[in-house]
Structure formats: structure tokens, C-alpha cells
Amino acid sequence: MSLGSFGNPSSLHRFGYASKKILEDSRAKVLSLLGLSSTHQCIFLSGASEANSMAIKSIAWQYASRGRKMITSSVEHPSVTNAFLQCQALFHFDPVFLPVNQDGYVFPETLERNLDKNTILASLMEVNNETGAIFPIGEYASILKKYPKCLFHVDATQGIGKTDCDYSKADLISFSAHKIGGIKGSGALLYRKSLRFAPLISGGEQEFGYRAGTVSVAAASSLATSLGITLARKKQSWEIVSSLCQALEKGLLQTGEISLNSPSGHSPYVCNFSLLHHKASVVVEALSEKGIYVSSVSACSSKAEPISRVLLSMGKTERNAANSIRVSFSPDSTLEDVNAFLSAFFTILSEVKPL
């Protein structure tokens with residue numbers, strides 16, 4: 231994409247047509263890369279939070295005549311949880327928050343027990359953003375085939391470009407660009423072509439009439455390009471990140487100062503552990519002063535929820551949930567980064583006053 235492609239893609243002049251072509255090429259590329267060209271369509275928007283809201287609220291309003299029951303898990307991203315709660319508070323839908331097991335995901339049997347003819351939507355994440363727990367999306371999809379009126383939404387934000395998930399089994403797929411190296415504040419909602427929406431934003435006819443407002447062509451192009459690069463490196467990146475995560479966990483466990491929260495078989499891009507004898511917020515701040523940046527809970531929840539509801543849902547104690555740390559990896563992380571973290575971490579634990 232060139233700096234000269236600044237036209238509004240909805241305009242009829244030459245600059246508009248040039249931008250429109252970039253936009254549509256980006257849309258087609260995203261669908262093709264994920265093997266969804268024949269079954270799904272793509273809407274570009276501001277990120278996974280907006281995509282999740284659209285997938286949940288717009289679908290609920292559009293298909294309310296089918297039923298009022300909607301299913302999700304107790305460990306979803308706040309943009310999913312709060313969309314469900316808003317549908318309940320303002321529009322009298324009946325949300326069900328499924329419990330998770332000690333590994334942080336919903337047993338397929340739990341989903342099946344809660345489905346009935348009045349269920350219109352099941353919204354379940356692919357990979358948990360705090361623990362890296364991987365949800366069995368394929369098994370959920372097989373169960374949901376028995377309930378054709380129930381649509382299946384997958385929040386793929388933490389899994390897109392990293393796992394081998396078959397997204398064709400989902401009716402709606404949401405994700406953010408910045409998780410795969412794209413521009414922050416952009417993302418996409420992929421949806422089965424047969425679906426219809428009640429738009430969240432009123433205005434023009436952009437994005438098939440479902441998302442009014444001038445589309446960011448640069449963001450769409452960046453997303454498509456980043457997705458292509460990420461998918462091309464997927465296997466190699468997984469191997470690199472897995473070895474780094476294993477090295478980190480081995481080093482942490484040798485201290486006797488932590489307990490791992492990320493379950494066996496978790497996504498190696500996320501490692502979550504709890505401090506047994508120190509306050510997480512103090513350690514996170516001390517690491518930050520050394521130029522090492524980790525988080526104590528989800529970035530989208532840290533101010534509102536100082537104790538991780540995800541860990542509480544997994545059966546962790548309040549003390550463990552309040553003193554958890556999440557370390558995130560990228561394919562560009564190195565063993566030197568891991569060793570630098572461990573060195574700084576050990577030093578800080580020796581200096582910080584215990585609980």
C-alpha cells in the first residue's frame with residue numbers, strides 16, 4: 231500500500247477506486263488465507279472488542295425470534311462477558327455462563343448439557359487470554375450441529391495465526407490485528423454468508439451496511455499482510471515460542487516461589503503463574519523499572535478487576551488469583567530475553583518484602 235492511496239473507498243473518483251481495490255483485495259486475502267472464501271464474509275472494524283459486541287448483540291437482536299438463551303463461558307474476555315450481561319439487562323435475554331474445569335476450559339459435555347431448542351448463540355473463545363488454555367473448538371462444533379438454530383461464535387484473538395483451528399466450523403470469528411503484528415485499533419469479524427445482522431452503528435452503507443463509518447484502508451491492508459506473514463511462520467514460531475516458554479517455566483519452578491496456572495498443553499504464547507510469597511503488583515512494577523514488561527491480570531481488566539476472575543473460575547484461591555503474573559511471548563522473543571527475565575525476577579524476589 232502506497233502513501234498515495236488516501237482516497238475514501240466509498241468515493242466514486244479515481245482515488246476512491248484505488249482505495250476500494252486495496253480494501254477488497256485485503257478482505258479477499260484474509261478469507262483466502264483462512265480457507266473461508268466460499269463460506270464466509272469479512273467486516274473490518276476497530277478490533278476484537280467491537281467484533282465480539284457485534285457478533286453477540288447484533289446476532290441476538292436479529293435472531294431474537296428463535297429464542298432468548300445464549301451460552302458462553304465464565305472465563306471469556308470482558309468484551310464477551312459484558313455483551314452478554316448487556317443483552318440480559320436491556321433486552322431480557324437469558325445468558326448462561328458455563329463453568330470451566332481446573333485446566334480453564336469448558337468440557338464439551340458441559341456445553342451439550344446446557345443446549346436446548348431455545349439457544350440461539352454459543353460464544354466460546356479459542357485460547358484464553360490470561361492462561362493460554364486451549365478450548366476444543368472442533369468438539370464444540372460437532373455438538374452444535376445437533377442444534378442448527380444455535381449459531382457458533384469463536385473469539386479467535388489469541389489463537390489466530392498460531393493454532394491449527396478449523397474456523398470453517400464457526401459461524402462467526404472475531405480477532406484483533408495487533409495480536410498478529412498489525413495496527414492497534416483494528417480487527418475483523420468473519421461471518422457465514424447466510425447470516426444477517428442488526429447493525430450496532432447506524433449511518434452509511436460501508437461494510438455491507440453492517441458497520442457504518444469510513445473504513446481504514448491502511449488498517450485493513452496491515453491486517454491482511456500481517457495475517458499472511460504470521461501464517462507463513464506459524465509452525466516455526468510455535469516451535470520457537472514453545473522452547474522459550476518451557477525454559478521460563480523450568481526456571482520459575484526451580485525457585486519454589488511460584489505455582490503455575492497455565493494448564494498442561496496451553497498455548498506457549500502465554501504463561502501464567504502465581505507468586506506464593508510476594509505481591510504481584512509490586513513485582514510487576516519492579517520488573518517494569520528494569521525494562522521488563524509483564525502484566526498481573528488481563529490488560530482489559532486490570533483496573534476494574536484486581537483479582538483474576540479467570541483464575542477464580544478455575545478453582546484457584548483468592549490469594550493466588552490476586553498475585554498472578556502473565557508473561558507473553560512473540561516469535562521474536564529470545565532465550566536471552568527469558569534469562570534476563572529470570573535474573574531480574576530472582577533479584578526482585580530477594581529484595582521485595584514478602585506478604
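Residue 231 is where the sequence shown starts when you use my numbering, and the numbers rise one by one after that.
Backbone N, C-alpha and C fix where the C-beta goes; we use that ideal spot for every residue, glycine too.
- In the three-state DSSP reduction, A290 falls in the helix class (H, G or I).
- For the options S432, V305, S511, the alpha carbon positioned closest to that of S288 is the one of S432.
- Non-local beta-carbon contacts of K464 in its own chain, meaning distances under 7 Å to residues more than five positions away in sequence, involve G391, K392 in chain order.
- Per the Cβ contact rule, the stretch 306-313 is not in contact with the stretch 437-455 (fewer than 3 Cβ pairs under 8 Å).
- In the structure shown, C317 falls within a helical segment according to DSSP collapsed to helix, strand and coil.
- Excluding residues up to 5 positions away in sequence, S267 lie with their Cβ nearer than 8 Å to the Cβ of A258 in the same chain.
- Between S504 and S489, the beta carbon gap of about 5 Å places them in contact (Cβ cut-off 8 Å).
- By DSSP's assignment, R422 forms a beta bridge with H270.
- Linking F323 to I555 through their CA atoms gives a straight-line distance of about 35 Å.
- The stretch 346-389 contains, as complete beta strand (DSSP E) runs of 3+ residues, the segments 349-355, 381-385 (chain order).
- Between I373 and L341, the beta carbon gap of about 6 Å places them in contact (Cβ cut-off 8 Å).
- Taking every protein chain shown into account, the CB of K409 has 16 or more other CB atoms within 10 angstroms, so this residue is buried.
- Residue burial annotation: A386 is buried, with at least 16 other C-beta atoms found within 10 angstroms of its C-beta.
- Within the stretch 440-516, the complete beta strand (DSSP E) segments of 3 residues or longer fall at 488-490, 500-505, listed in chain order.
- E254 sits exposed, since fewer than 16 C-beta atoms from the chains shown fall within 10 Å of its C-beta.
- In the three-state DSSP reduction, L263 falls in the helix class (H, G or I).
- Under DSSP, D394 forms no beta bridge with any residue.
- Close CB contacts of A552 within its chain, under the 6 Å cut and outside five residues either way in sequence, are with I537 (chain order).
- Beta-bridge partners of L275 (DSSP): G417.
- Taking one beta carbon from each stretch, the stretch 432-443 and the stretch 262-278 have 3 or more pairs nearer than 8 Å; the two touch.
- The stretch 508-526 makes no contact with the stretch 329-341; the number of CB pairs closer than 8 Å stays below 3.
- Nearest Cα to N550 within the set S558, S563, S525, H508: H508.
- With fewer than 16 other Cβ atoms inside 10 Å of its own Cβ, L585 counts as exposed.
- In the structure shown, the three-state DSSP call for V310 is helix.
- Taking C-beta separations shorter than 7 Å and ignoring five residues to either side along the sequence, the partners of V524 in its chain run V514, L517, I555, R556, V557, following chain order.
- If you draw a straight line from the Cα of S473 to the Cα of S424, it comes to about 42 Å.
- Under DSSP, the beta-bridge partners assigned to S554 are S504.
- Between the C-alpha atoms of V471 and G412 there is a straight-line separation of about 19 Å.
- Note that the C-beta distance between Q388 and V357 is below 8 Å.
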